[in-house]
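Student: Residue numbers for the sequence shown, in mature numbering (1 follows the signal peptide of the UniProt record, and there is no 0): -19 to -1, 1 to 421. Ideal Cβ positions, reconstructed from N, Cα and C, are used throughout, including at glycine.
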Amino acid sequence: MKHRFIAWIYLGAFPVSLASYEIGVNEHYCSATTPTAETYSVPKGVELRHVQVIVRHGDRTPISILPQQSKYNVLWNCTNEAPEFSYLKLQNFETSQTYGLMLDNSNANPFSKEYITGTCMTGQLTPKGMRQQQNVGKKLREIYVDLLGYLPRTLNRRNLQKAIFVRHTEKTRTKQTAIALVSGLYPKEKLQGRLGIPLFYLPEQIETMIYQSGLCSRLAKLQEAMLNEKRYNEYWGSQQEVKKKMDAILQTTTTPAYQGRSLVRYMDAFRPLTCNNYPLPCSLDNSNQCISDEMAVRSFVGNDFEAAWTMRDSPLSHEANRLGIGLFLSELRRSIHNSLGKGLKSPAKMEIFSGHDTTVQPILGVLRADDFRWPPYASSLIFELWQDKHTGAAFLRVLYNGDVLRSPVCDFNLCPLETFLSQIDHYIPLDILTECKQSS
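#1: Measuring only the C-alpha atoms, how far is His337 from Leu325?
#2: Answer yes or no: do Ile363 and Leu348 have a C-beta to C-beta separation smaller than 9 Å?
#3: Which value, in whole angstroms, describes the spacing of the CA atoms of Gln142 and Ile160?
#4: What's the C-alpha gap between Gly346 and Tyr182?
#5: Considering only DSSP beta bridges, list what Ala375 is partnered with.
#6: Starting from Met331 and walking both ways along the beta strand (DSSP E), at which residues does that stretch end?
#7: Find the nearest neighbour of Ala375 within the set Val27, Tyr21 and Ser219, judged by alpha-carbon distance.
#8: Drop a sphere of 10 angstroms on the beta-carbon of Ile405, count the other beta-carbons inside from all chains shown, and report buried for 16 or more, exposed for fewer.
#9: Straight-line CA distance for Asn209 to His299?
#10: In the DSSP output, which residue or residues are listed as bridge partners for Pro397?
#11: Would you identify the three-state DSSP class for Ile145, choosing helix, strand or coil?
#12: For the beta strand (DSSP E) that Leu308 lies in, which residues bound it at each end?
#13: For Ala206 and Trp217, what's the separation of their Cα atoms in angstroms?
#14: Return the chain-ordered list of same chain residues with a C-beta closer than 7 Å to the C-beta of Cys391, the five sequence neighbours on each side being excluded.
#15: Which residue from Asn7, Tyr213, Ser388 and Ile333 puts its Cα closest to that of Pro179?
#16: With burial defined as no fewer than 16 other Cβ atoms inside 10 Å of the residue's Cβ, what is the status of Ser268: buried or exposed?
#17: Give the secondary structure of Leu200 by DSSP, where H, G and I count as helix, E and B as strand, and everything else as coil.
#18: Tell me whether Tyr408 sits in a helix, a strand or coil according to DSSP, three-state version.
#19: Give me, in chain order, the residues of the same chain whose beta-carbon lies closer than 6 Å to that of Glu365; leave out the 5 immediate sequence neighbours on both sides.
Written as structure tokens, this is what we have:
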């Protein structure tokens, strides 16, 4: 599981994506690079005014289910998640030391053969994922508390609301991510007076951190159209041979989830395995017919192209991002504006948003990021608002997994705020309800 591959995706006669991958736990996808105080560069002559941290959840179990899933003998264990983090008091209510655990579903239940085995749900954060996010929180503390002195060393009822704001989507894994990250940023001994840290969320049906194609018919049409453009058709045609091989091995030829115009389901079936030292799946009928490392890499690189196409490179991606992530961008913009004293209410000094790969990707597309590999587990996209101490000029720094984001839009080490706002304003709808109803 330590083979390295140089993988090419061809569109016609031309390679359009080149990536080097190491199959296994050391692959870049398995754990994002975490920003650290040692690698963090403090800008000179400017004052930090606001920080927004957008994270993807950590390591998780698969979402994609294979036919007769239980026969693959992969046991997922989530029994040690809840006790480790049960001390965090949420919503200012006292809680007992009880916690929920899922029963081991590997025996007795006749329906369990079509589900993952063990004590995890599909798409649930693993104990490894919890540790990843706690580590992200620890590193953020080293930077914004210890190095910069920007956040208070301890939280109490007086400074909590001004210090941090935490929001997650309604998915269990993003709530677990928020809990783990905050437990690293402010561990129990840094909370005064049995303090509770509220975690905010919106109902999934109106969540702005994810695309809502079900609410926006125009967005749904754009997503379908992007997968039928000439360049995408060329890419998709080049993937049919490996797709047929994978379908034959996995018995997914007639499984609806695997028959869309994307390799994302295959990637999702493989990467949770390889990131946890499990072997790639073999045929249930012939143990000698297995998904090869090369097949897995093809699905990985293919998904990199698919994400870049639908969120950055397609002529239709601009409008799709506008309708898909524009409302969330408007929320981020409002907080940046208000933190400069231009609004009625100043936001918390640090806003933390616990989301998904599909939260991070469209923002990277809006900012025209050079690196469009699929966001690794525990990815962090950080917006820092800095202000010149003498002139009052404002700048935005963008850090992606610890490094300054590379983009043709701006030098995001210190980008003039006007340039940043001008870029994202193109993606903020003025009347999303009307735009979603448009036919063309």
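Tutor: Working from what's here:
#1: 30 Å
#2: no
#3: 17 Å
#4: 24 Å
#5: Gln368
#6: Met331 to Gly336
#7: Val27
#8: buried
#9: 16 Å
#10: Phe376
#11: strand
#12: From DSSP, Leu308 is part of no beta strand (DSSP E) but of the alpha helix (DSSP H) over Ser298 to His318.
#13: 14 Å
#14: Thr400 and Phe401
#15: Per the Cα distances, Ile333.
#16: exposed
#17: helix
#18: coil
#19: Val32 and Arg378
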